[in-house]
Amino acid sequence: MAKPNPFKHLERKISINNEDYLFYDIASLGQGFDNLPYSIRVLLESAVRNCDNFQVTEKDVQSILSWKEIKGESTEKEVEVAFKPARVILQDFTGVPAVVDFAAMRDAVLRLNGDPNKINPICPSDLVIDHSVQVDFARTPDALAKNQDLEFERNKERFTFLKWGANAFNNMLIVPPGSGIVHQVNLEYLARVVFEDPVNGAKVLYPDSVVGTDSHTTMINGLGVLGWGVGGIEAEAVMLGQAISMLLPEVIGYKLVGKLSSLATSTDLVLTITKHLRQIGVVGKFVEFFGPGVEELSIADRATISNMCPEYGATVGFFPVDKNSLSYLKQTNRSDDKINVIFKYLEATKQLRDYNNAAQDPHFTKIVTLDLATVVTSVSGPKRPHDRVAIGFKGFELNPDSLSASGDFTWSDGKTYSLKHGSVVIAAITSCTNTSNPSVMLGAGLLAQKAVNENLKVAPYIKTSLSPGSGVDNLVNVIEKNGLVCAGVLSGNRNFEGRIHPNTRANYLASPLLVIAYAIAGTVDIDFEKDPLGTRPDGSKVFLRDIWPTRQEIHAVEQKYVIPAMFQEVYGKIEMGSPAWQALQAPTGKLYPWDEKSTYIKHPPFFETMTRELPPNRPIVGARVLLYLGDSVTTDHISPAGSIARNSPAARYLASKNLTPRDFNSYGSRRGNDAIMARGTFANIRLVNKLVSNAGPKTLHIPTGTEMDVFDCAEQYGKEMTPLILLVGKDYGSGSSRDWAAKGPYLLGIRAVIAESYERIHRSNLVGMGIVPLQYLEGQNADTLGLTGKEIFNIAIPDDCKPGQIITVETNCGKKFKVLVRFDTEVDLTYYRNGGILNYMIRKMLD
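Note that the sequence shown covers residues 0 to 846 in numbering that gives the first Met the number 0.
See below:
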């Protein structure tokens, strides 16, 4: 049971704008407070304010306050602490399943004789509908309007459900489609920086902090708001008032000095930092930026660096609030009174930063330094976001005999064109990485303007877009027939093979300016210093340097046009939505009236057999390996994403519902239907499964030796009552934080995963779904243990299992080996014993 807060004596009163506020004076704790990194101070304040010796204990507070002794010297000691974020943010693709789960939880509570109205977000929660537009139309003035019309046509059922949720649930804001990328809206509108929370008639001030269902929630760290991505199921627990259990992190101090050159962009800087931090190794750690070079970066630049945090592997990339942060709040139309509250509170609690004052520098686990002057124009690729290279890179690891391969085709304009290795077929200014950064977006506009003035053009077959997603189906035959490595160039944050398009094997991350440059060039096999982009009528050559805008040019335009009135115009009516949204008719009532005919929104099966009592602990007996995978299997490989292939189990399911391929839409748009998502799990065409000979979504039904689609094989094992496991290599589950990367395997019947190592969020998601994450001991893997993946496995989790316990896995061929049970905390074990985190929450609501 919760107890009175033992830190009530730290409560202080402060008068701001002729109004009295309360706050917890964490700076008065002493005991080395001034040595704490600013990111750790946010954790400390939350622990002090929320301490009830139940969810958050005095031990948590002491551990955080003792950060320097525990993590300040890169010690191996691991200490668990509780953290209650101030709010939750949901992106619509990952947020829809959360709202579906909340609706299903209400039904479950009612079935178990509880009050369904108890199921509401307790923690303030915002959902932004953003990743829905597909680029069916491009290069015409009415392309945006046409694409948005199709968006509503395709997503009407999903939008209707979300509009129901907006009215059915308390303490949840749902931002209609067409308002912007979720992280842009978070940065420019939703972020409080400092919360003003009415408690017992008084307003309590505390730092804004957030967890989100997208790994790039970290973008908000650029504004000094501590935040990171979590799995959808973990986010749902926070929405229901639960604290996050986390390991106290090391904090790497990243010192910035010097100034960027006039030609370098924030994208060049972030790709440089991403490669640097990947080399250092910061997985599971906080990175906190400091030094005089930070003063040279706008908040948009800082946000771009923070956005790429998942690509360099850290939990956060944090920029404490400084005077530039306050100026940004003014620019984005926050009120003077609000900004003054933020300033006074952060100043009073020693959470306001002056990057030029070295006396404020806290202690860090480790310090690394980057001179901004060394940053050069860069791209990253062809397959990983941390493989930064200077522009002009030409290597594709191709056989020399095939380098001259090419293919001709006739386009709709009647002209014949040729593709070769390195040809650009997609050029997309896209994703949350840059859309909140006016400098690179305006820079792209200026470059395009200069290109038009020089009469430079983009080949008509190159798919160009200013939105997430794209497609190049008209060119697929040419690419496949000639075995070409064609390229996609985008200003996003992910370039794993097959993510941009199944047939673009080389994908490069670049600034929006370089996206346009490569689109004009038509190839990535170019040296911009030596090779011209075109020729003028007088015969002189036009080089990229001739049309590249300087930072000074871009800044002048930004100062003129990016002003508070612009943000007032955009966000003043954000909650109203478009006329199409306003006209949308949604159900009313607290329980959702599920439509059995819907192929978008379906009642999930997670709670159908749930009881009030805890289920018995069941050993995994007679398990088969569904998939035997290697290293760096991402959530893109696991989770359903992108278009629904016409020969896939999901397509067959939709066809059985009398839908044609035109109406299949994407997996992302159908995340509210578990039948679709289960069939799309492990459906990536680049999946490499050692049980079969070719890449793709196939596996082996071992008892019969039959090769089958992954879903069909899992379904067959289910009929045979055979539990399933996965054998995987290092970094399992890296990439975007997707709850369906855990929910999908659960629905396939996977009870455990044995991996060499896990991505942080994905391991947590597996636990949240009741899947056991097991890890080979150091130096061991499936190969060294001589496993073929065709064995039968027996795994018993002890009733008294402890965090980090070692257990034995037995096989039918006599091989035994030990594994580490990756239940890292007691909370992990509690979720597992309940059959998952949502089951735990339902039982808690029934008490």
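Don't be surprised by glycine CBs; every beta carbon is placed ideally from N, CA and C.
Computed from a predicted model, the values in this text were never measured in an experiment.
| Query | Result |
| --- | --- |
| Burial state of proline 563 (16 or more Cβ within 10 Å) | exposed |
| Where lysine 202 sits in the DSSP three-state scheme | strand |
| Spatially closest choice to histidine 554 from Lys337, Asn436, Met245 and Leu455, by CA coordinates | Asn436 |
| Meets three-Cβ-pair contact criterion under 8 Å: the stretch 824-834 and the stretch 756-767 | yes |
| Start-end ranges of the alpha helix (DSSP H) lying completely within the stretch 677-735, minimum 4 residues | 709-718 |
| Outcome for arginine 611 when other beta-carbon atoms lying within 10 angstroms are tallied against a minimum of 16 | exposed |
| In DSSP terms, what serine 244 is bridged to | Ala81 |
| Which listed residue (Asn16, Gly667, Gly226 and Glu57) has its alpha carbon closest to that of glycine 316 | Gly226 |
| Sheet register partners of aspartate 125 (DSSP bridge) | Ile88 and Leu172 |
| Serine 847 to aspartate 59 span [Cα, whole Å] | With the chain running from 0 to 846 in the structure shown, residue 847 is simply not present. |
| Separation of arginine 105 from proline 206, as counted between CA atoms | 32 Å |
| Where threonine 368 falls: helix, strand or coil (DSSP) | strand |
| Straight-line gap, threonine 234 to arginine 762 (C-alpha atoms, nearest Å) | The question names threonine, yet the displayed sequence has alanine at residue 234. Using only the alpha carbons, I get a separation of about 14 Å. |
| Reduced DSSP category for asparagine 850 - H, G, I as helix; E, B as strand; rest coil | In the structure as shown, the chain begins at 0 and stops at 846. Residue 850 is therefore absent and cannot be evaluated. |
| Selected residue, minimal CA-CA separation from arginine 670, among Gly283, Val174 and Ser642 | Ser642 |
| Whole-angstrom distance between glycine 835 and leucine 109, CA atom to CA atom | 19 Å |
| Helix, strand or coil at serine 14 [DSSP, three-state] | strand |
| Where the beta strand (DSSP E) containing leucine 828 begins and where it ends | Taken as a continuous stretch (DSSP letters only), leucine 828 belongs to no beta strand (DSSP E), being part of the alpha helix (DSSP H) at 825-832. |
| Proline 319, buried or exposed, once every other Cβ within 10 Å from all chains shown has been counted against 16 | buried |
| CB-CB length for valine 424 against leucine 474, believed under 8 Å | 6 Å |
| Separation of glutamate 528 from glycine 538, as counted between CA atoms | 18 Å |
| CB-CB length for phenylalanine 363 against valine 250, believed under 8 Å | 5 Å |
| Nearest-angstrom Cα separation, counted from lysine 414 out to leucine 126 | 46 Å |
| Tyrosine 861, enclosing beta strand (DSSP E) - first and last residue | The question about residue 861 has no answer, for the chain in this structure spans 0 to 846. |
| Cα-Cα separation, leucine 690 to aspartate 267 | 41 Å |
| Opposing strand residues paired with arginine 623 [DSSP bridges] | Leu723 |
| Alpha-carbon to alpha-carbon, leucine 837 and proline 772 | 18 Å |
| Alpha-carbon to alpha-carbon, valine 55 and leucine 325 | 31 Å |
| Burial state of cysteine 712 (16 or more Cβ within 10 Å) | buried |
| Element boundaries [beta strand (DSSP E), containing alanine 486] | 486-489 |
| Cα-Cα separation between aspartate 738 and histidine 215, rounded to whole angstroms | 15 Å |
| Proximity of leucine 483 and leucine 418 at Cβ, strictly below 7 Å | yes |
| Opposing strand residues paired with tryptophan 227 [DSSP bridges] | Val210 |
| Distance, lysine 117 Cα to leucine 845 Cα | 9 Å |
| Selected residue, minimal CA-CA separation from phenylalanine 606, among Ile304, Leu746 and Tyr460 | Leu746 |
| CB of proline 696 within 7 Å of CB of valine 709, strictly | yes |
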